[in-house]
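Novice: I'd like to ask you about the structure that follows.
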Amino acid sequence: MDITESNSTATTADNASQLEKFNMNENTTDILADQPHVAASHKTVGHPLVDNAKMMMRGVDVFYGEKQAVFGVDLDIAENEVIAMIGPSGCGKSTFLRCLNRMNDTIEICRVDGQIELDGLNIYDPKLDVVPLRARVGMVFQKPNPFPKSIYENVAYGPKIHGLARRRSEMDEIVETSLHRAGLWDEVKDRLHQPGTGLSGGQQQRLCIARTIAVSPEVILMDEPCSALDPIATAKIEELIAELSQNFTIAIVTHSMQQAARVSHRTAYFHLGKLIEVNDTKKVFTTPDHELTEAYITGRFG
């Protein structure tokens, strides 16, 4: 089993849950009644595009069977940027995030249309191998999902699969460096060969981050990485995001507007599958350009 298959297996239940949630939101009048609708001709306001984008998305539509979950998203992500994606439950933000390394491929009825590029490479080219893609664009899931292996083996697994170390000393260095970068080394250096599943929830999530960065990705996708963690563990992850952004491009989906305000450079607001606004995070939370963004951040719905 390669690391991509492992990630796919780890997220199968999460994908099923997301599909169920989408179907529920589509079919429940009470939920939709609380959320203002958006004109079909809506154009994203603010600054969704950047010069010299690391990732470029144009006209991205996502369907679950015949139901459309994401509508015509145009968005760029800059190198070494932290971009937060916010919006009500079922608004399409996680579905969109998973398009960026083709994790939605694991949902049989999911279809993605439009253009998504990584450094000019069409990641939906039928000839593209998703294994190296998911090494370049790593993902951290909502719930920590360490492999049933030792702490050391969790971090070493990806580099081993991708042939990144020829000698044990090289692997030791990768493991130590990755755990340092994830802010976990000092807490586990004396128990590297104990099970990763024996760590606390916050430590497990940082182990998963170490596992992700061990294969030297260029982009890290985070799908609500703190939703299952306590405030202290959450604060450590947020500090880690700031440090990681010096070397990685990060896109994070979060239900916490306070978290988005703390960790991101730009914030993208999604509503009923449409990208409403993208702006500098401070502007989004103080003087948003769109009335729907303002209504959401002031708690009038959501």
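Every letter in the sequence shown is one number past the one before it in the numbering used here, and letter 158, counting from 1, is 159. Here a beta-carbon is modelled for each residue, glycine too, at the ideal position from N, C-alpha and C.
Which same chain residues end up closer than 7 Å to E239 when comparing Cβ atoms and leaving out the 5 residues on each side of it in sequence?
Specialist: For the purposes of this step, residue 239 is identified with residue 238 of the sequence shown, where counting begins at 1. Counting only Cβ-Cβ distances below 7 Å, and skipping sequence neighbours, we find Q260, R263 and V264.
Novice: Any heavy atom of the ligand COA closer than 7 Å to the beta-carbon of A215?
Specialist: Judged by which ligands are present, the structure shown has none, so any question about the ligand COA falls away.
Novice: Measure how close the beta-carbons of V138 and C100 come, nearest whole angstrom, since I'm counting them as under 8 Å.
Specialist: Taking the sequence shown and counting its residues from 1, the one referred to as residue 138 is at position 137. Taking the sequence shown and counting its residues from 1, the one referred to as residue 100 is at position 99. 10 Å between Cβ atoms; not a contact.
Novice: Straight-line CA distance for V63 to C111?
Specialist: Here residue 63 is taken as the residue at index 62 of the sequence shown, counted from 1. Here residue 111 is taken as the residue at index 110 of the sequence shown, counted from 1. Answer to the nearest angstrom: the Cα atoms are 7 Å apart.
Novice: Go through the stretch 81–117 residue by residue and report every complete run of the beta strand (DSSP E) that reaches 3 residues or more, in order.
Specialist: Complete beta strand (DSSP E) runs here, min 3: 83–87.
Novice: Can you check DSSP and say which residues form a bridge with L119?
Specialist: As a position in the sequence shown, residue 119 is number 118, starting the count at 1. Beta-bridge pairing links L119 to M56 and L122.
Novice: Using beta carbons (cut-off 8 Å, strictly below), is V285 in contact with chain D?
Specialist: Of the protein chains in the structure, only one exists, and it is not chain D.
Novice: Determine the DSSP secondary structure at A262, reduced to helix, strand or coil.
Specialist: Counting from one through the sequence shown, the residue named residue 262 turns up at place 261. Note: A262 maps to helix in three-state DSSP.
Novice: From the DSSP output, in three-state form, read off Q69 for me.
Specialist: Here residue 69 refers to the residue found at position 68 when the sequence shown is read from its first residue. Correct three-state label for Q69: strand.
Novice: DSSP beta-bridge partners for M223?
Specialist: The residue you call residue 223 lines up with position 222 of the sequence shown. V141 and I253.
Novice: Around the C-beta of T288, are 16 or more other C-beta atoms found within 10 angstroms, so that it is buried, or is it exposed?
Specialist: Here residue 288 refers to the residue found at position 287 when the sequence shown is read from its first residue. It counts as exposed.
Novice: For V39, which residues of its own chain have a beta-carbon under 8 Å away from its beta-carbon, when the five flanking residues on both sides are left out?
Specialist: If you number the sequence shown from 1, residue 39 lands on position 38. Cβ within range, chain order: H272, L273, K275, I277 and L293.
Novice: I think L208 touches G197, with their Cβ atoms under 8 Å apart; what is that distance to the nearest whole Å?
Specialist: Taking the sequence shown and counting its residues from 1, one reaches residue 208 at position 207. Taking the sequence shown and counting its residues from 1, one reaches residue 197 at position 196. The pair is a contact, with the Cβ atoms about 5 Å apart (cut-off 8 Å).
Novice: Measuring only the C-alpha atoms, how far is G203 from S151?
Specialist: Translated into the one-based positions of the sequence shown, residue 203 becomes position 202. Translated into the one-based positions of the sequence shown, residue 151 becomes position 150. Approximately 17 Å between the Cα atoms of the pair.
Novice: Please classify F302: is it buried, with 16 or more other beta-carbons within 10 angstroms of its beta-carbon, or exposed?
Specialist: For the purposes of this step, residue 302 is taken as residue 301 along the sequence shown, with counting starting at 1. When all chains shown are included, F302 counts as exposed.
Novice: Closest to N155 by C-alpha separation, out of D173, T299 and V285, would be which residue?
Specialist: Counted from its first residue, the sequence shown places residue 155 at position 154. It is D173 whose Cα lies nearest to the Cα of N155.
Novice: Give the range of the alpha helix (DSSP H) segment to which L208 is assigned.
Specialist: Locating residue 208 in the sequence shown gives position 207, where the first residue counts as 1. Element bounds for L208: G202 to I214.
Novice: Here's the rule: buried if 16 or more other CB atoms are within 10 angstroms of the residue's CB, otherwise exposed. What is N53?
Specialist: As a working note, residue 53 is residue 52 in the sequence shown. Classification for N53: exposed.
Novice: Looking at C-alpha atoms only, which residue of L241, P133 and I162 is the closest neighbour of L185?
Specialist: Here residue 185 corresponds to residue number 184 of the sequence shown, with the count starting at 1. Answer by Cα proximity: L241.
Novice: If you run the structure through DSSP and keep just helix, strand and coil, what is L134?
Specialist: Counting from one through the sequence shown, the residue named residue 134 turns up at place 133. Helix at L134.
Novice: Short of 6 Å in beta carbon distance, which residues of its chain neighbour A234, apart from the five on each side in sequence? Order them along the chain.
Specialist: Position 233 of the sequence shown holds residue 234. Same-chain partners within the cutoff: G203.
Novice: Would you give the residue range spanned by the beta strand (DSSP E) that L276 belongs to?
Specialist: Counting from 1 along the sequence shown, the entry for residue 276 is found at position 275. K275 to D281 is the extent of the beta strand (DSSP E) around L276.
Novice: Let me make sure I understand the geometry here. Which of P89, F286, Y153 and F142 has the alpha-carbon closest to that of R169?
Specialist: Against the sequence shown, residue 169 aligns to sequence position 168. Comparing Cα positions, the closest option is Y153.
Novice: Buried or exposed: which applies to L122, given that a residue is buried once 16 or more other Cβ atoms fall within 10 Å of its Cβ?
Specialist: The residue you call residue 122 lines up with position 121 of the sequence shown. L122 is exposed by the Cβ-count criterion.
Novice: With a threshold of 8 Å on Cβ separation, who are the neighbours of R192 within its own chain once the five nearest residues in sequence on each side are excluded?
Specialist: Position 191 of the sequence shown, counting from 1, holds the residue named residue 192. Closer than 8 Å at the Cβ level, and outside the excluded window around R192, lie I152.
Novice: Just to check my reading of the structure: D75 and P37 have Cβ atoms closer than 8 Å, yes? What is that Cβ distance to the nearest angstrom?
Specialist: Indexing the sequence shown from 1 puts residue 75 at position 74. Indexing the sequence shown from 1 puts residue 37 at position 36. So it is not a contact: roughly 21 Å between Cβ atoms.
Novice: Can you grab the Cα-Cα spacing for the pair H43 / D290, in whole Å?
Specialist: Residue numbering aside, residue 43 sits at position 42 when the sequence shown is read from its first letter. Residue numbering aside, residue 290 sits at position 289 when the sequence shown is read from its first letter. So the two alpha carbons sit approximately 13 Å from each other.
Novice: How many Å lie between L245 and R182 at the Cα?
Specialist: By one-based count along the sequence shown, residue 245 stands at place 244. By one-based count along the sequence shown, residue 182 stands at place 181. Approximately 7 Å, taken between the alpha carbons.
Novice: The alpha helix (DSSP H) that contains R169, what's its start and end?
Specialist: Your numbering for residue 169 matches position 168 in the sequence shown. Taken as a continuous stretch (DSSP letters only), the alpha helix (DSSP H) holding R169 covers R169 to R182.
Novice: Anyone know if the C-beta pair for L119 and M56 falls short of 8 Å?
Specialist: For the purposes of this step, residue 119 is identified with residue 118 of the sequence shown, where counting begins at 1. For the purposes of this step, residue 56 is identified with residue 55 of the sequence shown, where counting begins at 1. Contact flag set, yes.
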